[in-house]
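Worksheet: the structure to be examined is printed underneath.
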Amino acid sequence: MEHDLSFNYETFEFASASASCGLTDNSTCVNDLYAKLEKCYDTLTVRAAHDESNQIKLSINEVDTYLAEIASNQNILQQEMLSIKQKVEEIKFTSYDGMLIWKVTNVLHKIADSQSRRQTSIYSPPFYSSSIG
1 MEHDLSFNYE TFEFASASAS CGLTDNSTCV NDLYAKLEKC YDTLTVRAAH DESNQIKLSI
61 NEVDTYLAEI ASNQNILQQE MLSIKQKVEE IKFTSYDGML IWKVTNVLHK IADSQSRRQT
121 SIYSPPFYSS SIG
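Heads up, the sequence shown is in the UniProt record's numbering, so the first residue is 1 and it goes up one at a time.
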């Protein structure tokens with residue numbers, strides 16, 4: 001708003017100066033008008049630079065937001081990839097010869113948990129006892 005008022009005042013000053021110029025001293029009048037015109041141009045240039053600076057700041061904020069979203073998506077994808085790798089590793093070591101091999105670690109601790117009813121069952125990933133199921 002302040003820029004608009006100063007620009008309007010300078011425009012008014014420029015117009016009144018051009019109207020007050022008589023035919024007697026043209027070079028002084030032209031020099032005055034030229035100086036006022038330069039001042040108006042400088043004001044417009046500063047305003048344009050300020051507007052461009054604001055636009056660049058907005059663009060930077062948009063890019064930062066976009067990059068944050070990409071980083072978040074990348075983390076999610078990495079977690080999914082690790083999960084898939086783990087599943088592939090589990091499938092690699094699956095036996096289809098009809099024998100079931102199920103390794104239970106820390107058996108005494110699990111028996112104690114079951115007896116105290118903290119955890120009464122043991123869960124494992126799916127396994128196959130034969131190649132068709």
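Ideal Cβ positions, reconstructed from N, Cα and C, are used throughout, including at glycine. Here the structure is a predicted model, which is why all the values come from computation and not from measurement.
For S72, the enclosing alpha helix (DSSP H) has its first and last residue at 26-92. Residue state for I122 is assigned as coil, using DSSP reduced to three classes. In this chain, K103 is not harboured by any alpha helix (DSSP H), its DSSP state being neither H nor E. Assignment of S116 by DSSP, reduced to helix, strand and coil, places it in the coil class. Per the coordinates, the alpha-carbon of D113 lies some 53 Å from the alpha-carbon of E62. The alpha-carbon of H109 is positioned some 11 Å away from that of R118.
Contact check for V104 against I84 fails: the beta carbons are separated by 9 Å or more.
The C-beta distance from W102 to S124 rounds to 6 Å, short enough to meet the 8 Å contact threshold. E38 and L58 have their C-alpha atoms roughly 30 Å apart.
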